[in-house]
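Worksheet: the structure to be examined is printed underneath.
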Ligand code: PXP
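In our numbering, the protein residues as written are 218 to 465.
Quick look at the structure:
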C-alpha cells in the first residue's frame, strides 16, 4: 500500500487573539508563522473574520510577504472578503460559515442550499489561482453539493467529534468518527481533496492522520494553548510526530 503524505496547516489566529487582548504588538502572528514553518508546518492558515477579532488586514499583508510555505486564507463568502482574497491571491482559500455571535466556527457551510452563490465564489477565486476548499460537515448532501459547485477541496469539521471526546461520550464520539470517515471516503471517491480540522489536539489527531483519504489537517487553538507550556515550536513538532506516527 502506498502511504500518501499528510500536510499540517497551522492556524495562527489565536496568537492574534492574545495580542489583541491588550492592544499590544505582541505576540506577533507573523513571528508565530515563521516558527511554525521551521517546526514542521506545511502551510499557515489565518481566518480574517468580519469583526477582525483576531487576524487583521495588515497581518494578511505581512504573512503574504514573510512566509515561504503556502497561506490558506479562511474567509466567509462575502464580497468584502472576496475582494481581499482576489487582491492577495493566496495559495488557498477556505470558505467558512461565519456568525458574529459565535465564539468559533460552529458548523459547516450549507453548500446544498447556497449552490449558485457559492459556485460564483469558487469560480472567481479559482480563476485568480487560489485552490478553494469548503468547510463542511460529513453530510453526503453537502459533499455532493461541493462537487456540483466545482470546489476541488472540502475540509471536514472535526469539532463535534473533539467535543464528544472531551465530554467523555465515547459511544457518540465513535459514531461521529465513523461518519467523518465515511464522509472522507465519499468525498475522496468523488474526486475531491479532503482536509479536516477544528478542535484537534494531541489526543484526537491520530485517527484523522491515519486516514489515507485525508491530505491535510488544520490545527490552531490547541497548538497555541500548548505553546504556553511547551513552546510553539515543540508543540508543532510533537503534533507533526503524532501525525506521521499515525500515518504508517
Ligand atoms: N479549519 C477551519 C475551517 C477552521 O475554521 C478552524 C478554526 O478557525 C480550524 C480548522 C482550526 O480549528 P482549531 O483552532 O480549533 O484547531
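All residues carry an ideal CB built from backbone N, CA and C; glycine is no exception.
Three-state secondary structure assigned by DSSP to residue i
{"i": "residue 270", "result": "coil"}
{"i": "residue 434", "result": "strand"}
{"i": "residue 350", "result": "strand"}
{"i": "residue 415", "result": "coil"}
{"i": "residue 226", "result": "strand"}
{"i": "residue 362", "result": "helix"}
{"i": "residue 474", "result": "Beyond the ends of the chain as shown, which are 218 and 465, falls residue 474; an answer cannot be given."}
{"i": "residue 277", "result": "helix"}
{"i": "residue 396", "result": "helix"}
{"i": "residue 328", "result": "coil"}
{"i": "residue 282", "result": "helix"}
{"i": "residue 485", "result": "Lying before the first or after the last residue shown, residue 485 is absent from the chain, which here runs from 218 to 465."}
{"i": "residue 386", "result": "coil"}
Pairwise C-alpha distance: residue j and residue i
{"i": "residue 410", "j": "residue 251", "result": "26 Å"}
{"i": "residue 306", "j": "residue 318", "result": "29 Å"}
{"i": "residue 282", "j": "residue 245", "result": "14 Å"}
{"i": "residue 359", "j": "residue 384", "result": "27 Å"}
{"i": "residue 392", "j": "residue 241", "result": "44 Å"}
{"i": "residue 235", "j": "residue 381", "result": "27 Å"}
{"i": "residue 341", "j": "residue 353", "result": "20 Å"}
{"i": "residue 254", "j": "residue 293", "result": "25 Å"}
{"i": "residue 349", "j": "residue 312", "result": "7 Å"}
{"i": "residue 400", "j": "residue 268", "result": "32 Å"}
{"i": "residue 365", "j": "residue 333", "result": "10 Å"}
{"i": "residue 284", "j": "residue 355", "result": "32 Å"}
{"i": "residue 322", "j": "residue 264", "result": "10 Å"}
{"i": "residue 501", "j": "residue 462", "result": "Nothing can be reported for residue 501, as the shown portion of the chain is limited to 218 through 465."}
{"i": "residue 467", "j": "residue 232", "result": "An answer regarding residue 467 cannot be provided, because it is not within the stretch 218 to 465 covered by the chain."}
{"i": "residue 429", "j": "residue 303", "result": "32 Å"}
{"i": "residue 377", "j": "residue 418", "result": "13 Å"}
{"i": "residue 407", "j": "residue 336", "result": "17 Å"}
{"i": "residue 224", "j": "residue 320", "result": "26 Å"}
{"i": "residue 397", "j": "residue 375", "result": "8 Å"}
{"i": "residue 226", "j": "residue 262", "result": "6 Å"}
{"i": "residue 368", "j": "residue 338", "result": "10 Å"}
{"i": "residue 454", "j": "residue 287", "result": "18 Å"}
{"i": "residue 426", "j": "residue 259", "result": "14 Å"}
Terminal residues of the alpha helix (DSSP H) in which residue i lies
{"i": "residue 317", "result": "No alpha helix (DSSP H) contains residue 317, which DSSP labels as neither H nor E."}
{"i": "residue 296", "result": "296-305"}
{"i": "residue 252", "result": "246-255"}
{"i": "residue 355", "result": "That residue, residue 355, is in no alpha helix (DSSP H); it is neither H nor E in DSSP."}
{"i": "residue 461", "result": "449-464"}
{"i": "residue 423", "result": "423-427"}
Which residues DSSP lists as bridging residue i, in chain order
{"i": "residue 263", "result": "290"}
{"i": "residue 379", "result": "Its beta-bridge partners do not exist; DSSP assigns none."}
{"i": "residue 311", "result": "291, 350"}
Residue span of the beta strand (DSSP E) that contains residue i, given as start and end
{"i": "residue 373", "result": "370-374"}
Touching by the beta-carbon criterion (3+ pairs, under 8 Å), the region 427-435 and the region 397-416: Touching, per the Cβ criterion.
Contact between the region 357-373 and the region 322-335 (3+ Cβ pairs under 8 Å): Contact holds between the region 357-373 and the region 322-335, because three or more Cβ pairs, one in each stretch, are under 8 Å apart.
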